[in-house]
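For the sequence shown, the working numbering begins at 24 and goes up steadily by one.
Using N, Cα and C, we set each Cβ at its ideal position, and we do this for glycine too.
On a predicted model such as this, the values are computed, not experimentally measured, just so you know.
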Amino acid sequence: MQHEPSRKPEDLEDHLLGLIEAARDQAREDPFRNPVLAVTLAITRRFDRGEISADDLGPLFARLRAESLTARAARLRSYVGLATGPVDPAASVPARLVTAAADGHDGFDRFAAFIHRTAFAVVFTAHPTFGMPRVVANLLAEAASLPDAAAGAALIERAAALSTRPDAPITLDVEFEQACAAANNGRLALDAFNGALLDAARARWPERWAELTPRPFAIASWVGCDTDGRTDIGWWDTLRYRLISKRMQFDRVMRELPGTAGCRTVRALAEDALAAVNRQLAVAPRLGEKPSLESVHRFALALIIERERAQTDAGALVAGLTAALETADDADDKRRIAILRAGVATHGLSNALPHFRLNASQIHNAVRRVIDLEGEPADAARRRSHLATIHALLNDVRPVAVDFGALAAERASAARLMMTIAQILKHVDGTHPVRFLIAETETGYTLLAALWLARHYGIADKLEITPLFETASALEQGIRVLDDALRNPHWRQYLKRIGRLTVQFGYSDSGRYVGQLAATFWIERLRLRITEMLVQNGLADIELAIFDTHGESIGRGAHPTSLRDRLAYLAPEDARDRARKAGIKVRLESSFQGTDGYLLFGTEALAEASVARISEHVYALDIAEDDSFADYALGDEDSGADAKDDPIYSEPDFALEFFTAARQDMEALVDDPGYAALLGTFGPSLIDRTGSRPVARQSDNGGPARITHPRQMRAIPNNAILHQLGFLANSLHGIGRAAQRGPDLFRDLRRDSVRFSRAFRLVQHAASVGDLDVMRAYIDTLDPAVWLERARRTQKDFRRDELVVIAGALERLDLASALRSLFGRLTRDWLDLTAAAPDLPVMSARLTLLHALRLALIHRIWFLAVHIPGFRPQAGISREQLLERFLRLDIDGCLKLLDEIFPVTPDPTLGLNFGEPAGPRDVGTYEAEHANLFQPIRRMFDQVREISGMIQHEVGAFG
């Protein structure tokens, strides 16, 4: 069909979507035809004929953005279960909790003890997933908060007029501001929940309700406190962020306190403290500064001099609020004060509780200064001797004094962080113990070494040492790590004194190395073994805190269908039930990462809905004998699936074999050279920088480093690149072969197992946003044979020459063989999966079109790059090497180099008299090259990244 040129975006979109559908139909008849590459070629030809111009893409992109954002807003609203009408207060969790409280003389006291324990914490992290502009995120959240799509259409239209690409630069300050905005909405939602709880309690216990200080949920954050793999965060930055959090807490107190005489004393305390904190912040060094010793000294003195006025413990503030509550006469005033007191009792003098994080190797390096350790701590052959050595060190540890001078002089990162925490507890807020997360914990020695450091700096009683189990080996060896620590009397005494064992489970590295479904099985297995270990060691009276650190995409552990299912996926019914039967109190914590995660708390309405879903998850068994929340457990409506009699647990052998087979296939995929080539060739260049972490390392010739194994990139870009290449291998691969081990049992589990069907929804979602035809199009784009075949068929001499040059450059990259082998591996497993689950959804035509459009732009960039004039090697880079960098889409680096080689501005020395005869100069400029080559390449690459942002919205998360 001949396309008539049209500038109307809706007509152009309809035409291009028609091309997608027609190509798919033709591919069903012609198995050798790739429908995505066919549409890419069709779009390229329309560009060549002028039927699509650069000016057409802007309106088309705005239309596609609006459609993606509209769909995402609807999903967000549905995901958190935002009600469309009024909610019956009597049916809410707070009211039902009060109703379910025991009768009798001690009923109130038992309820008070129950609701005074924090059962869940929302943790905002600064993972680099800030994948969209803040203004777009705000508009998206506002649109999702409105009762219907039509009401939010104007907001979506405003958002669609803006770029999808993230703000630049994204600094730690920007991340902190966004985390604080989400935390503020979270705090408002907690206040609303606590208010409803107090209202119900007042109706049941009118004489005693004011004694309650409910703390069921907490807000926490590690933004500004996460130093794992980072050297760009100074200790003064961390202190400044904690002071800002403290100021926000006092701002809240001043804002919410009634203006009554009974509140005068506590208001004066808060007012004085707020003024003191502001004076401390006035002299705090700013982000990015390398402060002088004088400025550090000035900041330290402000912290010390203002310490008493600024308050360092919430006890006096809580006491003042209690006194104000007792003297208040007005019912609304009493309610406001009671809610405020609950927030202060939960969070101390902070807007959000702090989580600090570093790496196990940093702990080991700090302790090496005082211990003569042979070999590495993870060396299994020396395990016993290492444990004995650290035990001996713990026997003799004595706390040392910590001052800001010692902190300023300290060079070891773990010691410096311990000292920073000591100063925060001493001079900022010491109300509650703080979380201390240790990444890559693979030996009990790490926990004991961290305990020695905590004792050495005098903060062991205020530090919750938390191992992170995420790698495959850590998930397998995690129970031995904890058991080795528990065999040490110092660790057992520490746990009993602090009253809590805290563990962190990671879903990012585990998901990308063993596959997401397999990862959740191994995590649940470790969780059950920890419960058994506590019982066997007589520690059932110790609270178990489990912090699930997952991303916002399925490849990193976020369930796609609803927040209810996400929470149940992370904390399955069986694991929770076993802990309950063992008498172990469990505190659950869950991460919400970057812009994608903060969206769930993007408005007060979204935050309240999120907290409502959390409360249903946490308290389901406290207000009903079985799960009475609609859609809480997944499974087909007519299947009779029962979470209490789940066959995944009654068929443990099949489950073990299934997830082991999936894991083995994923591990083999990760080690496949073609997988590294797929991820690393131009995948990293498809995505913008989405966080404040330092950029990736560079190669010797200035371009992006050649990736030879996925471990050379972080989990988030790894996952994001899979989104961008159109096949979510870490959620799909290996499931097919695993299913074929027992196809009938696999189908039975999908039908009858709540746990398995919930997990399988990740596979279903991955299939809906993935397509092997899309991935094949990217692989074929890197295959010189495809370009040579195209050169053989083309009727245009100029295009034939371009195609041959590109094929030659691709031959030098030498990727095709490994990529073809990889595609065969992926296809074989996909065929097994579709045979076992023929009902899997397919990628939408709109998402497929985005991939085809972007491929067409990439090809056009390459066509222009071929015409870059020859030049002498610059900075060790030849024209051939530059073209190879263009093929890897290192466009920013290439254009920067070309600006130097082909300047657009004339030589600034021309016309100046230097007092002697003028020597030869290159007097030419290169306006034509810039206008015809470099600027169009820049414009098209911006469009490539723009499409990446739209793909992010279609998939539902950045990475």
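Q | Every unbroken alpha helix (DSSP H) inside the stretch 97–123 [4 residues or more] | A | 116–123
Q) Secondary structure at residue 567, three-state DSSP: helix, strand or coil? A) As a position in the sequence shown, residue 567 is number 544, starting the count at 1. If DSSP states are grouped into helix, strand and coil, residue 567 belongs with the strands.
(Q) Could you check whether the stretch 127–144 touches the stretch 592–602, counting it as contact only if at least three pairs of C-beta atoms, one from each stretch, sit closer than 8 Å? (A) no
Q. Which residue's Cα is closest to the Cα of residue 478: 414, 695 and 284?
A. As a working mapping, residue 478 is identified with position 455 in the sequence shown. For residue 478, the nearest C-alpha among the options comes from 414.
**Q.** Contact set for residue 151: own chain, Cβ-Cβ below 6 Å, skip 5 residues either direction
**A.** The residue given as residue 151 occupies position 128 in the sequence shown. Take residue 151, set aside five residues on each side of it, and the residues of its chain with a beta-carbon closer than 6 Å to its own are 713, 714, 716 and 739, in chain order.
Q) What is the DSSP secondary structure of residue 527, reduced to helix, strand or coil? A) In the sequence shown, counting from the first residue as 1, residue 527 sits at position 504. Correct three-state label for residue 527: strand.
Q.
Which residue marks the beginning of the beta strand (DSSP E) containing residue 1006, and which one marks its end?
A. This structure leaves residue 1006 out entirely; the chain is present only between 24 and 982.
Q. Are the stretch 152–163 and the stretch 240–257 touching by the rule of at least three beta carbon pairs closer than 8 Å?
A. no
**Q.** Span of the alpha helix (DSSP H), counted from its first residue to its last, around residue 708
**A.** As a working note, residue 708 is residue 685 in the sequence shown. Unbroken run through residue 708: none, as it is neither H nor E.
Q) Can the beta-carbon of residue 59 be found closer than 8 Å to that of residue 42? A) Counted from its first residue, the sequence shown places residue 59 at position 36. Counted from its first residue, the sequence shown places residue 42 at position 19. No, they are not a contact pair.
**Q.** residue 241: first and last residue of the uninterrupted beta strand (DSSP E) it sits in
**A.** Locating residue 241 in the sequence shown gives position 218, where the first residue counts as 1. For residue 241, the uninterrupted beta strand (DSSP E) run begins and ends at 240–244, by DSSP.
Q) Where do the N-terminal and C-terminal ends of the beta strand (DSSP E) with residue 613 fall, by residue? A) Translated into positions along the sequence shown, residue 613 becomes position 590. In the DSSP assignment, residue 613 falls within the beta strand (DSSP E) that extends over 609–616.
Q: Please check the pair residue 443 and residue 504, which I expect to be a contact at CB under 8 Å, by giving their CB distance rounded to whole angstroms.
A: As a working mapping, residue 443 is identified with position 420 in the sequence shown. As a working mapping, residue 504 is identified with position 481 in the sequence shown. The pair is not a contact, with the Cβ atoms about 26 Å apart (cut-off 8 Å).
Q | Check whether residue 431 and residue 482 have beta carbons under 8 Å apart | A | Within the sequence shown, residue 431 is the residue found at index 408, counting from 1. Within the sequence shown, residue 482 is the residue found at index 459, counting from 1. The answer is no: Cβ separation not under 8 Å.
Q. What are the complete alpha helix (DSSP H) segments, minimum 4 residues, inside the stretch 336–369?
A. Whole alpha helix (DSSP H) segments, 4+ residues: 338–350.
Q: State buried or exposed for residue 915, treating a residue as buried only when at least 16 other CB atoms are found within 10 Å of its CB.
A: Position 892 of the sequence shown, counting from 1, holds the residue named residue 915. Burial call: exposed.
Q. For the candidate residues 455, 461 and 107, whose alpha-carbon lies nearest to that of residue 437?
A. As a position in the sequence shown, residue 437 is number 414, starting the count at 1. Ranking 455, 461 and 107 by Cα distance to residue 437 puts 461 first.
Q. Taking the alpha helix (DSSP H) that residue 377 falls in, what are its first and last residues?
A. As a position in the sequence shown, residue 377 is number 354, starting the count at 1. Residue 377 -> not in any alpha helix (DSSP H); beta strand (DSSP E) instead, spanning 376–382.
Q: Per DSSP, which residues does residue 597 bridge with? Please list them.
A: Position 574 of the sequence shown holds residue 597. Residue 597 is not bridged to any residue.
Q.
Considering only the alpha carbon of each residue, which of 230, 949, 263 and 582 lies closest to residue 925?
A. On the sequence shown, position 902 is the one that residue 925 refers to. For the residues 230, 949, 263 and 582, the minimum Cα distance to residue 925 belongs to 949.
(Q) I want to know whether the stretch 605–625 touches the stretch 112–124 - three or more CB-CB distances under 8 Å. (A) no
Q: My understanding is that residue 422 touches residue 480, with C-beta atoms under 8 Å, so please give their C-beta distance in whole angstroms.
A: Indexing the sequence shown from 1 puts residue 422 at position 399. Indexing the sequence shown from 1 puts residue 480 at position 457. Between residue 480 and residue 422 the Cβ distance is about 7 Å, and since that is below 8 Å, they are a contact.
Q | Rounded straight-line distance, which links the Cα of residue 527 to that of residue 571 | A | Position 548 of the sequence shown holds residue 571. Position 504 of the sequence shown holds residue 527. About 6 Å.
Q) By DSSP, does residue 720 sit in helix, in strand, or in coil? A) The residue given as residue 720 occupies position 697 in the sequence shown. Here residue 720 scores only 43 on pLDDT, less than 50, and its place in the model should not be relied on; the value that follows carries that caveat. The three-state secondary structure of residue 720, taken from DSSP, is coil.
Q: State the CB to CB distance for the pair residue 806 and residue 839, rounded to an integer number of angstroms; the pair is presumed to be in contact (CB under 8 Å).
A: Reading the sequence shown from its first residue, position 783 is the one you call residue 806. Reading the sequence shown from its first residue, position 816 is the one you call residue 839. Yes, residue 806 and residue 839 are in contact; Cβ-Cβ is about 4 Å, under 8 Å.
(Q) Please classify residue 397 as buried or exposed, where buried requires at least 16 neighbouring CB atoms within 10 angstroms. (A) Numbered from 1 along the sequence shown, position 374 holds the residue referred to as residue 397. Exposed.
Q: Count the other CB atoms, across all protein chains shown, that sit within 10 Å of the CB of residue 651; report buried if there are 16 or more and exposed otherwise.
A: Counted from its first residue, the sequence shown places residue 651 at position 628. For residue 651, the pLDDT reaches just 39, beneath the cut-off of 50, and the residue's location in the model is therefore unreliable, although a value from the coordinates is still provided. The residue is exposed, with fewer than 16 neighbouring Cβ atoms inside 10 Å.
Q: Helix, strand or coil for residue 249, going by three-state DSSP, please let me know.
A: Along the sequence shown, one-based indexing puts residue 249 at 226. The answer is strand: DSSP assigns residue 249 an E or B state.
**Q.** Exposure label - residue 165; buried when at least 16 CB within 10 Å
**A.** Taking the sequence shown and counting its residues from 1, one reaches residue 165 at position 142. Label assigned to residue 165: buried.
Q) DSSP three-state call for residue 306: helix, strand or coil? A) Start at 1 with the first residue of the sequence shown, and residue 306 comes out as number 283. The answer is coil: DSSP assigns residue 306 none of H, G, I, E or B.
Q: Can you say whether residue 328 is buried or exposed, counting buried as having 16 or more other CB atoms within 10 angstroms of its CB?
A: Counting from one through the sequence shown, the residue named residue 328 turns up at place 305. Residue 328 is exposed by the Cβ-count criterion.
Q. Which class does residue 459 belong to by DSSP, given the choice of helix, strand or coil?
A. Against the sequence shown, residue 459 aligns to sequence position 436. Note: residue 459 maps to strand in three-state DSSP.
Q: Answer yes or no: do residue 538 and residue 890 have a C-beta to C-beta separation smaller than 8 Å?
A: As a working note, residue 538 is residue 515 in the sequence shown. As a working note, residue 890 is residue 867 in the sequence shown. Cβ distance not < 8 Å, so residue 538 and residue 890 don't count as in contact.
Q. Run through DSSP, which three-state label would residue 174 get?
A. Stepping through the sequence shown from its first residue, residue 174 is reached at position 151. Three-state result, residue 174: coil.
Q) What is the DSSP secondary structure of residue 236, reduced to helix, strand or coil? A) Translated into positions along the sequence shown, residue 236 becomes position 213. Residue 236 falls in the coil class under three-state DSSP.
Q. So, using beta-carbon positions, are residue 286 and residue 292 closer together than 8 Å?
A. Taking the sequence shown and counting its residues from 1, the one referred to as residue 286 is at position 263. Taking the sequence shown and counting its residues from 1, the one referred to as residue 292 is at position 269. It is not a contact, given that the beta carbons lie outside the stated cut-off.
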